[in-house]
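Below: one structure, written as structure tokens.
Residue numbers (the numbering used here): 1 to 425.
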């Protein structure tokens, strides 16, 4: 089968899930920045910040967040730049990198993990709503999960436009509320000087701390091209990624850390509950997770379109939402930590392979007429090696596993691609 660009005339989905986004469908920088900021302003990220807040002083905390956010931001920005250059989603770019059939690995990996994450978020909504309203019956929690899933699924079905409007409305309100709680936290300890005097209650190495920051969104960031492919220029994509993954994600980690340092609780939803503001807590919960999970549903929708080589994402958005909701109903959210570890180990090496292969072989442009092989065995092997090393680093506690996975995959793919560039250039 030829490269995906040959099927442009078959596009029926305005989000172009399996073909390059044409020039007339590209979005403004402001639009893209709103979507990516809404993607990363994600309250569960604050739980990672809470772990850091309990282990570091204020000055050390700021350094850890800055270093980790820089690593994450650079990685995502490079992928975002490639997305803007090619106009393709991460899974479709994988066709060039892993082969026409080999790319199914990326579709299963990214689509499958996002369905699981969708279920985690739906389950969290049900549990926290029940906690806020003192519901003990399972049917009540299940009803909330199902209704929330329907809302998020419908938003994802509207594609980029639906996610933009949800982000544009909810993100500013959530940030205002988050800064207000930050001010309440500072009042609790006597201002910034009081916060600086808070002593750590636990210990954590800098390596683990940076891993925690990078791991919060490195897996989701690997799919940044799903949105940056709508950018008009590569520079706009890079800047939008910096706003979302460096500023937005960094702020959420900082908010979680200060909440832990002052109230002993990193999740602003629970902080609001403790302050007696149950209504605002529920608003923050639904508004925040609604837009983030709509992005998740969109991600597994385009992955499904590539996997089955269909021109529309809609059936896969709906089908994945149903599977994710079933997972939530059986309690997948209770295994969140293990799930995040798997994401941090096995997803980032794919991004490293894509970056390395693009720089080595496709930098001058994606050839429209060149046939794509069924399997690119060299790159598939590099992905396997990088994933194995990332898993080993995680098991032994060595350095930052996501960073190891990305760097090993990038370097090996770059070397292999340049050596064989003559056969595809």
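Ideal placement from N, C-alpha and C gives every residue a C-beta, glycine not left out. Please read all numbers here as calculations on a predicted model, not as lab measurements.
Taking buried to mean at least 16 other C-beta atoms within 10 Å of its own C-beta, is residue i buried or exposed?
| i | result |
| --- | --- |
| residue 395 | exposed |
| residue 430 | Because the chain in this structure spans residues 1 to 425, residue 430 falls outside the shown range and cannot be described. |
| residue 374 | exposed |
| residue 22 | exposed |
| residue 417 | buried |
| residue 1 | Since pLDDT at residue 1 reaches only 40, below the 50 mark, its modelled position is unreliable, and no value is offered. |
| residue 227 | buried |
| residue 102 | buried |
| residue 316 | buried |
| residue 48 | buried |
| residue 306 | buried |
| residue 369 | Model confidence at residue 369 stands at a pLDDT of 48, short of 50, so the residue's coordinates are unreliable; what they give is reported in the following sentence. Residue 369 should be labelled exposed. |
| residue 219 | buried |
| residue 24 | exposed |
| residue 128 | buried |
| residue 408 | buried |
| residue 427 | Residue 427 lies beyond the range of the chain shown here (1 to 425); nothing can be said about it. |
| residue 9 | Residue confidence for residue 9 is low, a pLDDT of 43 falling below 50, so the modelled location carries little weight; the figure read from the coordinates is stated next. Looking at its Cβ environment, which holds fewer than 16 other Cβ atoms inside 10 Å, residue 9 is exposed. |
| residue 292 | buried |
| residue 230 | buried |
| residue 392 | exposed |
Whole angstroms is fine: what's the gap from residue i's alpha carbon to residue j's?
| i | j | result |
| --- | --- | --- |
| residue 180 | residue 55 | 24 Å |
| residue 138 | residue 156 | 27 Å |
| residue 111 | residue 301 | 7 Å |
| residue 97 | residue 357 | 6 Å |
| residue 257 | residue 79 | 28 Å |
| residue 354 | residue 362 | 10 Å |
| residue 351 | residue 233 | 20 Å |
| residue 341 | residue 26 | 35 Å |
| residue 385 | residue 419 | 19 Å |
| residue 263 | residue 190 | 13 Å |
| residue 253 | residue 371 | 44 Å |
| residue 16 | residue 213 | 32 Å |
| residue 406 | residue 324 | 28 Å |
| residue 379 | residue 308 | 22 Å |
| residue 107 | residue 167 | 26 Å |
| residue 182 | residue 176 | 10 Å |
| residue 411 | residue 130 | 48 Å |
| residue 120 | residue 148 | 13 Å |
| residue 99 | residue 377 | 8 Å |
| residue 81 | residue 242 | 11 Å |
| residue 19 | residue 236 | 21 Å |
| residue 401 | residue 326 | 31 Å |
| residue 3 | residue 94 | Confidence in residue 3 is poor, its pLDDT being 44 and thus under 50, which makes the residue's placement too unreliable to answer from. |
| residue 5 | residue 197 | For residue 5, the predicted model reports a pLDDT of 45, less than 50, meaning its position is unreliable; a value from the coordinates is still stated below. Residue 5 and residue 197: Cα-Cα distance of roughly 58 Å. |
| residue 403 | residue 163 | 29 Å |
Relative to the alpha-carbon of residue i, which residue among the options has its alpha-carbon at the smallest distance?
| i | options | result |
| --- | --- | --- |
| residue 239 | 193, 24 and 34 | 34 |
| residue 321 | 52, 217, 298 and 352 | 298 |
| residue 187 | 261, 172 and 223 | 261 |
| residue 319 | 195, 114 and 342 | 114 |
| residue 133 | 265, 243 and 273 | 273 |
| residue 13 | 72, 158 and 131 | 158 |
| residue 255 | 218, 162, 147 and 184 | 184 |
| residue 41 | 24, 69, 100 and 174 | 174 |
| residue 216 | 405, 46 and 129 | 46 |
| residue 413 | 259, 105 and 383 | 383 |
| residue 122 | 250, 296 and 195 | 296 |
| residue 287 | 165, 326 and 308 | 165 |
| residue 84 | 161, 28 and 52 | 28 |
| residue 249 | 76, 19, 57 and 30 | 76 |
| residue 294 | 126, 53 and 150 | 150 |
| residue 38 | 104, 304, 193 and 290 | 290 |
| residue 51 | 269, 259 and 390 | 259 |
| residue 109 | 136, 304, 162 and 389 | 304 |
| residue 124 | 359, 360 and 270 | 270 |
| residue 195 | 172, 53, 152 and 246 | 53 |
| residue 126 | 329, 398 and 392 | 329 |
| residue 57 | 192, 282, 230 and 160 | 192 |
At least one CB of chain C closer than 8 Å to the CB of residue i: is that the case?
| i | result |
| --- | --- |
| residue 22 | The structure shown contains no chain C; it holds only a single protein chain. |
Query raised in the report: Hey, is the region 55 to 62 in contact with the region 327 to 335, meaning 3+ C-beta pairs nearer than 8 Å?
Result: no
Requested in this report: Report yes or no: do the region 34 to 50 and the region 192 to 211 share at least 3 C-beta pairs separated by less than 8 Å?
Outcome: no
Query raised in the report: Okay, do the region 64 to 74 and the region 206 to 220 touch, 3+ Cβ pairs below 8 Å being the bar?
Result: yes
Query raised in the report: Given 8 Å as the limit, is there contact between the region 86 to 102 and the region 216 to 232, that is, 3 or more CB pairs closer than that?
Result: yes
Query raised in the report: Is it true that the region 130 to 148 meets the region 338 to 356, where meeting means three or more beta-carbon pairs spaced less than 8 Å apart?
Result: no
Query raised in the report: What are the complete alpha helix (DSSP H) segments, minimum 4 residues, inside the region 295 to 330?
Result: 314 to 329
Requested in this report: Mind the definition here: the region 274 to 292 touches the region 70 to 82 only if three or more C-beta pairs lie below 8 Å; say whether that holds.
Outcome: no
Requested in this report: Please specify which runs of the alpha helix (DSSP H), each continuous and at least 4 residues long, are wholly inside the region 123 to 185, giving them in chain order.
Outcome: 138 to 157
Query raised in the report: In chain order, which continuous runs of the alpha helix (DSSP H) of length 4 or greater are located wholly inside the region 213 to 293?
Result: 218 to 221, 225 to 228, 234 to 241, 249 to 263 and 268 to 274
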